[in-house]
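Engineer: Protein chains in written order, with the working numbering: chain W, 160 to 554; chain S, 11 to 102.
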Amino acid sequence: MLAIKIWNYLRGYVIIRIEGLTLEKFLNLVAKENIYIWDIRRIDYTIVEAKVSIEGFKSLRNIVRKVKCKVYAYEKRGLPFLMGKMKKRKMLGIGFIIFLGIIFFLTSFIWEIEILGNEKIDDTKIKNILKEENIYEGVLRYKIDEDNAKNVLLEKINTFSFVSIDIEGTKLIVEVKEQDIPPENISDDTPCNIVADKKGIIKKVIAKNGKSVVKEGDVVNKGQILITGIIKNDRFEGEMLVHAEGEVYAVTRYTHTVEEPIEKSIKEETGNSYEHREYKFGKKIIKFGSADIPFKEYIEEVEENNVFTIEPFNFPISIITHKYKEVEVKKVKQNVDSLKESCQVLAVKEINKVLPEDSKIVSKDVKYIENEDKLTTIVIIEVMENIGKKQIITY
Amino acid sequence: MKEKIKDMKLNMSEALELPKDIVMDLPKITVIGNIELSLLNHKGIVEYTQNVIRINTNSGVVKITGEELVIKTILTEEIIVTGLIDNIEFLS
Chain W
160 MLAIKIWNYL
170 RGYVIIRIEG
180 LTLEKFLNLV
190 AKENIYIWDI
200 RRIDYTIVEA
210 KVSIEGFKSL
220 RNIVRKVKCK
230 VYAYEKRGLP
240 FLMGKMKKRK
250 MLGIGFIIFL
260 GIIFFLTSFI
270 WEIEILGNEK
280 IDDTKIKNIL
290 KEENIYEGVL
300 RYKIDEDNAK
310 NVLLEKINTF
320 SFVSIDIEGT
330 KLIVEVKEQD
340 IPPENISDDT
350 PCNIVADKKG
360 IIKKVIAKNG
370 KSVVKEGDVV
380 NKGQILITGI
390 IKNDRFEGEM
400 LVHAEGEVYA
410 VTRYTHTVEE
420 PIEKSIKEET
430 GNSYEHREYK
440 FGKKIIKFGS
450 ADIPFKEYIE
460 EVEENNVFTI
470 EPFNFPISII
480 THKYKEVEVK
490 KVKQNVDSLK
500 ESCQVLAVKE
510 INKVLPEDSK
520 IVSKDVKYIE
530 NEDKLTTIVI
540 IEVMENIGKK
550 QIITY
Chain S
11 MKEKIKDMKL
21 NMSEALELPK
31 DIVMDLPKIT
41 VIGNIELSLL
51 NHKGIVEYTQ
61 NVIRINTNSG
71 VVKITGEELV
81 IKTILTEEII
91 VTGLIDNIEF
101 LS
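The following block contains the structure:
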């Protein structure tokens, strides 16, 4: 039945009212003429209401002449009449077409470039490379050559092991994977020196090739030559350049300082809370209610709820609920001994992060400085490590 | 003469097991509950009001009484009536 109703609506129909005395005769004639008429309803003794299609309504005229009754269109329904109305309001139609056009036009540009996965290389650097390949915010998305841009990125930044470029709507997503920066490979026959990578006290020098210029106990600074590749020979005049190789072990020092107040303020919830809502449309936020928080000290909790999310469409409308919990600030004096311990552990942990893998810990020194309200912990760790680094001899 | 033809038709349909509504052009009424009635082989509406519909057929006039009766469709062969049907009656 619904299908028939929709069909009738699409074709358009007229609700007619027939006025007369011999309405039964009218109905019989309609049936005889094969005019489709439906939902016949008696309104009054002399009036009958019925629905009839547009073509049927036109062919009713002959019957009206025969029966001598009055037929008039009471209401017009359906798509054809709606279209007729639209013809009168041309500007509405034009506006709709312009609206569709604008949406189509705006969605054919890239409005945002998102770069994921890069740690060492800056977003701006990647963006600049993309810009050279004519990919930037505001470019037509049909013009983008993804494969070419991908190759260029891989070529220009050699630390990228993987690059993918995807267009999602108006967003361009560049996903990269970085590999560790490879050590500068110096081939065996290019002359080079071995220089200090960091400051330290020399413990042991193993020169496999070249001549060591430092000895045990020397204090070297960063960049100082440890094993030189320039060998001056007494027998020859001039210098011989070799590829220096070897390991230089030195004691280096790592320090880390942790400052911690002895008196600590602890926030305790009192149980009072205050809620405040905001509505977010895209990036615009509309606030409702007053934003005055009746507490002096409070913790803020923010919860964001996406209201209209029907996968895979995500409408940028959401409700943000701010919950303010009243807190009471209490000052607590901490146990100095346990504080010392925890600070030390923390500092050692920090140092461990920067220690090279092949280093050996030689000594560890911890200093505490206790002020009125502050405890400063200094941890000094001395390790033995290889500080040699190859450097090409340049003139 | 007419009566004779009618009798012959009845006998024939009985002998050959043909449906009588086709052979004798008799009305066929289908009622769904008390809300819908369809009548095939009608010979025109005699009276139509909200409470009474009288339809002419070969078996006489069928009188349907009820409340808020609506003629859903009317075709050359069939009439469908909806509404609350109280009574279906043959007047001959």
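Ideal Cβ positions, reconstructed from N, Cα and C, are used throughout, including at glycine.
Looking at the unbroken beta strand (DSSP E) that takes in residue 523 (chain W), where does it start and where does it end?
Structural biologist: The sequence position of residue 523 (chain W) within the first sequence is 364, counting from 1. Residue 523 (chain W) -> beta strand (DSSP E) spans 519-529.
Engineer: Quick check on residue 201 (chain W): buried or exposed, where buried means 16 or more other Cβ atoms within 10 Å of its Cβ?
Structural biologist: In the first sequence, the residue the question calls residue 201 (chain W) occupies position 42. Label assigned to residue 201 (chain W): buried.
Engineer: When DSSP labels each residue in this structure, what does residue 420 (chain W) get in the three-state scheme?
Structural biologist: Translated into the one-based positions of the first sequence, residue 420 (chain W) becomes position 261. Residue state, collapsed to three classes: strand.
Engineer: Under 7 Å Cβ to Cβ from residue 384 (chain W), same chain only, skipping five residues before and after it: list those, please.
Structural biologist: By 1-based counting over the first sequence, the position of residue 384 (chain W) is 225. Excluding positions up to five away in sequence, the list reads 352, 354 and 372.
Engineer: May I ask which residues mark the beginning and end of the alpha helix (DSSP H) holding residue 218 (chain W)?
Structural biologist: The residue you call residue 218 (chain W) lines up with position 59 of the first sequence. Element bounds for residue 218 (chain W): 213-226.
Engineer: Using a Cβ-Cβ distance under 8 Å, would residue 437 (chain W) count as near chain S?
Structural biologist: On the first sequence, residue 437 (chain W) is found 278 positions in, with the first residue counted as 1. Chain S, which has no Cβ nearer than 8 Å to the Cβ of residue 437 (chain W), makes this no.
Engineer: Show which residues of chain W have a CB atom less than 9 Å away from the CB atom of residue 82 (chain S).
Structural biologist: As a first step, residue 82 (chain S) must be located in the second sequence, where it is residue number 72. Simply 197, 198 and 199.
Engineer: Mind checking who residue 48 (chain S) pairs with in its DSSP beta bridge?
Structural biologist: Taking the second sequence and counting its residues from 1, the one referred to as residue 48 (chain S) is at position 38. In DSSP, residue 48 (chain S) forms a bridge with S:40 and S:90.
Engineer: Along the alpha helix (DSSP H) that carries residue 170 (chain W), what are the first and last residues, could you check?
Structural biologist: Counting from 1 along the first sequence, the entry for residue 170 (chain W) is found at position 11. Start and end: 161-170.
Engineer: In this structure, how does DSSP classify residue 371 (chain W) when only helix, strand and coil are distinguished?
Structural biologist: As a working mapping, residue 371 (chain W) is identified with position 212 in the first sequence. Three-state DSSP puts residue 371 (chain W) in a strand.
Engineer: Return the Cβ separation of residue 307 (chain W) and residue 292 (chain W) in integer angstroms, given the expectation that the two are a contact with Cβ distance under 8 Å.
Structural biologist: Counting from 1 along the first sequence, the entry for residue 307 (chain W) is found at position 148. Counting from 1 along the first sequence, the entry for residue 292 (chain W) is found at position 133. Yes, they are in contact, since the Cβ atoms of residue 307 (chain W) and residue 292 (chain W) sit about 7 Å apart, within 8 Å.
Engineer: With a threshold of 8 Å between beta carbons, is residue 56 (chain S) in contact with chain W?
Structural biologist: Walking along the second sequence from the start, residue 56 (chain S) turns up at place 46. Output row for residue 56 (chain S): interface = yes.
Engineer: Note down the Cα distance separating residue 183 (chain W) from residue 56 (chain S), rounded to an integer number of angstroms.
Structural biologist: Mapped onto the first sequence, residue 183 (chain W) falls at position 24. Mapped onto the second sequence, residue 56 (chain S) falls at position 46. Roughly 6 Å between the two C-alpha positions.
Engineer: Start and end of the alpha helix (DSSP H) containing residue 83 (chain S)?
Structural biologist: Counted from its first residue, the second sequence places residue 83 (chain S) at position 73. Element bounds for residue 83 (chain S): not the alpha helix (DSSP H) but the beta strand (DSSP E), 70-84.
Engineer: Does any CB atom of chain S fall closer than 8 Å to the CB of residue 462 (chain W)?
Structural biologist: As a working mapping, residue 462 (chain W) is identified with position 303 in the first sequence. False, the Cβ-Cβ gap to chain S never drops below 8 Å.
Engineer: Should the segment 502-516 of chain W be regarded as contacting the segment 442-460 of chain W, the criterion being three or more beta carbon pairs within less than 8 Å?
Structural biologist: The segment 502-516 of chain W vs the segment 442-460 of chain W: no contact.
Engineer: So residue 183 (chain W) contacts chain S; which residues on that side make the cut at Cβ distance below 7 Å?
Structural biologist: Here residue 183 (chain W) is taken as the residue at index 24 of the first sequence, counted from 1. Near residue 183 (chain W) (Cβ distances below 7 Å), the residues of chain S are 55, 56, 57 and 58.
Engineer: Judging by CA-CA distance, which residue of W:552, W:250, W:409 and W:457 is the nearest neighbour of residue 426 (chain W)?
Structural biologist: One-based indexing of the first sequence puts residue 426 (chain W) at position 267. Answer by Cα proximity: W:457.
Engineer: Below 8 Å between beta carbons is the criterion; list the residues of the segment 62-77 of chain S that meet it against any residue of chain W, in chain order.
Structural biologist: none
Engineer: Could you say if the segment 413-426 of chain W and the segment 496-510 of chain W meet the contact criterion of at least three C-beta pairs nearer than 8 Å?
Structural biologist: yes
Engineer: Does residue 432 (chain W) come out as helix, strand or coil in the three-state DSSP assignment?
Structural biologist: The residue you call residue 432 (chain W) lines up with position 273 of the first sequence. Of the three classes helix, strand and coil, the one that applies to residue 432 (chain W) here is strand, per DSSP.
Engineer: Beta strand (DSSP E) containing residue 322 (chain W): first to last residue?
Structural biologist: The count along the first sequence starts at 1 and reaches residue 322 (chain W) at position 163. 319-327 is the span of the beta strand (DSSP E), which, as asked, contains residue 322 (chain W).
Engineer: Straight-line CA distance for residue 198 (chain W) to residue 228 (chain W)?
Structural biologist: Counted from its first residue, the first sequence places residue 198 (chain W) at position 39. Counted from its first residue, the first sequence places residue 228 (chain W) at position 69. Approximately 19 Å, taken between the alpha carbons.
Engineer: Using beta carbons (cut-off 8 Å, strictly below), is residue 86 (chain S) in contact with chain W?
Structural biologist: For the purposes of this step, residue 86 (chain S) is taken as the residue at position 76 of the second sequence. Yes, residue 86 (chain S) counts as interfacial toward chain W.
Engineer: Can at least three beta-carbon pairs, one atom from the segment 212-231 of chain W and one from the segment 245-254 of chain W, be found at a separation below 8 Å?
Structural biologist: Contact check between the segment 212-231 of chain W and the segment 245-254 of chain W: fewer than three CB pairs, one atom from each, fall below 8 Å, which does not count as touching.
Engineer: On the premise that residue 257 (chain W) lies in contact with residue 274 (chain W), defined as a C-beta separation below 8 Å, what is that separation, rounded to the nearest angstrom?
Structural biologist: Counting from one through the first sequence, the residue named residue 274 (chain W) turns up at place 115. Counting from one through the first sequence, the residue named residue 257 (chain W) turns up at place 98. Between residue 257 (chain W) and residue 274 (chain W) the Cβ distance is about 35 Å, and since that is not below 8 Å, they are no contact.
Engineer: In whole angstroms, what is the alpha-carbon distance linking residue 237 (chain W) and residue 172 (chain W)?
Structural biologist: Here residue 237 (chain W) is taken as the residue at index 78 of the first sequence, counted from 1. Here residue 172 (chain W) is taken as the residue at index 13 of the first sequence, counted from 1. A straight-line Cα-Cα distance of about 6 Å links residue 237 (chain W) and residue 172 (chain W).
Engineer: Express the C-alpha separation of residue 402 (chain W) and residue 348 (chain W) in angstroms, rounding to a whole number.
Structural biologist: The count along the first sequence starts at 1 and reaches residue 348 (chain W) at position 189. The count along the first sequence starts at 1 and reaches residue 402 (chain W) at position 243. Roughly 6 Å between the two C-alpha positions.
Engineer: Tell me which same chain residues have a C-beta within less than 7 Å of the C-beta of residue 520 (chain W), skipping the five on either side of it?
Structural biologist: Indexing the first sequence from 1 puts residue 520 (chain W) at position 361. Closer than 7 Å at the Cβ level, and outside the excluded window around residue 520 (chain W), lie 540 and 542.
Engineer: Measure the beta-carbon distance from residue 436 (chain W) to residue 478 (chain W) and round it to whole angstroms, keeping in mind my assumption that it falls under 8 Å.
Structural biologist: To locate residue 436 (chain W), count along the first sequence from 1; it is residue 277. To locate residue 478 (chain W), count along the first sequence from 1; it is residue 319. Right, their Cβ atoms sit about 6 Å apart.
Engineer: Write down the C-beta distance between residue 493 (chain W) and residue 536 (chain W) rounded to the nearest angstrom, noting that I regard them as a contact closer than 8 Å.
Structural biologist: Looking up residue 493 (chain W) in the first sequence gives position 334. Looking up residue 536 (chain W) in the first sequence gives position 377. At roughly 13 Å, the Cβ-Cβ gap does not stay under 8 Å, so residue 493 (chain W) and residue 536 (chain W) are not in contact.
Engineer: Which residues does DSSP pair with residue 268 (chain W) in a beta bridge?
Structural biologist: Residue 268 (chain W) sits at position 109 when you count from the first residue of the first sequence. In the DSSP output, where bridge partners are listed per residue, residue 268 (chain W) has W:299.
Engineer: Any residues in the segment 166-190 of chain W with a beta carbon nearer than 8 Å to a beta carbon of chain S? Which ones, in chain order?
Structural biologist: With the criterion set as a beta carbon lying under 8 Å from some beta carbon of chain S, the members of the segment 166-190 of chain W are 182, 183, 186, 187, 189 and 190, in sequence order.
Engineer: DSSP on residue 202 (chain W), reduced to helix/strand/coil?
Structural biologist: Counting from one through the first sequence, the residue named residue 202 (chain W) turns up at place 43. Coil.
Engineer: What residue from W:480, W:219 and W:174 has the CA that sits closest to residue 209 (chain W)'s CA?
Structural biologist: For this step, residue 209 (chain W) is matched to residue 50 along the first sequence. Checking every option, the nearest Cα to that of residue 209 (chain W) belongs to W:174.
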